[in-house]
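Below: one structure, written as structure tokens.
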Amino acid sequence: MKKKFTRTHKKAASDDPVKAKKHLGQHFLKDESIAKKIADTLTYDGYSEVLEIGPGTGVLTKYLLRKDSNVTAMDLDSESIVYLNHSFPLDYAEQMEGCNLKVLEADFLKFDLSTLYGEKPFAITGNFPYNISTQIVFKMLEWRDQVPEFSGMFQKEVAQRICEKEGSKAYGILSVLAQAFYDAAYLFTVPPTVFNPPPKVDSGVLKLTRKSNYKDLACEPDQLYKVVKMAFQQRRKTLRNSLKQLELSDSFRESEIFNMRPEQLSVAAFIKLTQDITNDLKGKT
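The sequence shown begins at 0 in the working numbering and counts up one residue at a time.
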């Protein structure tokens, strides 16, 4: 049975239990309905472990705990950690009964997730600190074998970039690498007014659902990363110029695809190009 969360502690709901810190990129979500919608993006299909990054004041944490799941809330902010460990359970004492919450003060980008989950699958979600949000996605991709679902709040333009298709100026490294392994969906836009303090830009919520055949790429993932990053680092140039450091054979470099710019290639085209490059380089050795 799902729990309803109401504040039971004496502290008023309007109080700010944690002060947002600019250097941590914090903008605390204060809209309960949006927090619930983010929590509802996860299906819990095949997993029961959830890692929330940047829980802040626990507004999303409450709704994650309503599910039959084990929630680990990870934050760098010691003030947030103190609140979640002490005041948060008092504020929601009745509803916390039977909930499985672990609060961890740590830097997600540096943390060894195997110490938490071993080989178990887990989902990742959160209202992500905007200053490290793209780095969070890159690290998540390293753990794709254990992360079937990923969702959360980003700056709108970053969320759109991750979900963008070829042919757009927003399409880039993160678009290709995320969509090589996951189906990406931009879910909804969130205005600045629902945050404290309000950011200067709109935010966006996305979801990445791991593809069933994500292990069956027709190329080596590490080589795909190399080709995609090299191509988009000089996105205004044709692939013939941006990939010239690869020392490909002259005959292969005359292929029509090298007349294109990186934003013109679909994810599937990048995967095929990477395998063709690998074959060409092997043929030269």
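Glycine included, each C-beta is placed from N, C-alpha and C at the ideal position.
With a threshold of 16 other CB atoms inside 10 Å of the CB of Q25, please say whether the residue is buried or exposed. Q25 comes out buried.
How big is the Cα-Cα spacing for P220 and S241? Each residue's alpha carbon lies about 19 Å from the other.
Identify whether M259 lies in helix, strand or coil by the three-state DSSP scheme. Three-state result, M259: coil.
Coil, strand or helix - T40 by DSSP: In the displayed model, T40 falls within coil according to three-state DSSP, outside both helix and strand.
Assuming Q285 contacts G203 under a Cβ cut-off of 8 Å, what Cβ separation, rounded to an integer in Å, is found between them? Only positions 0 to 284 of the chain appear in the structure, and residue 285 is not among them; the question remains open.
Excluding the 5 residues preceding and the 5 following A11 in the sequence, name in chain order all residues of the same chain whose CB lies nearer than 6 Å to its CB. In this predicted model, A11 has a pLDDT of only 41, less than 50, meaning its place in the structure is not dependable; the value taken from the coordinates is given anyway. Residues of the same chain with a CB within less than 6 Å of the CB of A11, apart from the 5 flanking positions on each side, do not exist.
Where the beta strand (DSSP E) through T208 begins and ends: Following the DSSP letters along the chain, one finds T208 inside the beta strand (DSSP E) bounded by residues S202 to R209.
Would you decide whether S113 is buried or exposed? Buried here means 16 or more other CB atoms lie within 10 Å of its CB. Flag for S113 reads exposed.
DSSP state of K101, grouped into three classes? In the three-state scheme derived from DSSP, where H, G and I count as helix and E and B as strand, K101 is classed as strand.
Suppose the cutoff is 6 Å on Cβ atoms and the five residues either side in sequence are ignored; what does the same chain contact list for M73 look like? Correct list, in chain order: I52, L103, A105 and F107.
Is the beta carbon of F257 less than 8 Å from the beta carbon of T277? Not closer than 8 Å, so no.
Answer yes or no: do A92 and L63 have a C-beta to C-beta separation smaller than 8 Å? No, the pair does not count as a contact, with Cβ atoms beyond the cut-off.
Nearest residue (CA-CA) to L28, options N130, F269, F153 and R239: Cα-wise, what sits closest to L28 is F153.
With C-beta atoms as the reference, is E141 less than 8 Å away from A122? Not closer than 8 Å, so no.
Between which residues of its own chain and A217 is the CB-CB distance below 6 Å, once the five residues before and five after are set aside? Close CB contacts of A217 within its chain, under the 6 Å cut and outside five residues either way in sequence, are with I270 and Q274 (chain order).
Rounded to whole angstroms, how far is the Cβ of Q145 from the Cβ of K168, which I believe are closer than 8 Å? Not really, about 33 Å apart at Cβ, beyond 8 Å.
DSSP three-state label for Y82, please. DSSP places Y82 in helix when its eight states are reduced to three.
At what residues does the beta strand (DSSP E) containing L223 begin and finish? Where L223 is concerned, there is no enclosing beta strand (DSSP E), although the alpha helix (DSSP H) it sits in stretches over P220 to Q232.
Starting from the Cα of Y181, find the closest Cα among P190, E163 and P191 and give me that residue. Proximity to Y181 across P190, E163 and P191 peaks at E163, based on C-alpha coordinates.
CA-CA distance, Q244 and L223? The alpha-carbon atoms of Q244 and L223 are separated by roughly 15 Å.
Find the nearest neighbour of N195 within the set V58, H85 and R209, judged by alpha-carbon distance. Ranking V58, H85 and R209 by Cα distance to N195 puts V58 first.
Same chain, Cβ closer than 7 Å to A183, neighbours up to 5 away in sequence not counted: The answer, listed in chain order, is I161, C162, A177, L205 and L207.
Is DSSP giving C15 helix, strand or coil here? As written in the sequence, residue 15 is Asp, which differs from the Cys given in the question. Here D15 sits in coil by DSSP.
Since S47 and N69 are thought to touch, with beta carbons under 8 Å apart, how far apart are those beta carbons, to the nearest angstrom? Indeed they touch by this definition, with Cβ atoms about 6 Å apart.
So what does A169 bridge to, in DSSP terms? DSSP lists no partner for A169.
Based on Cα-Cα distance, which residue from K155, E165 and K109 lies nearest to M139? Comparing Cα-Cα distances from M139 to each of K155, E165 and K109, the minimum goes to K109.
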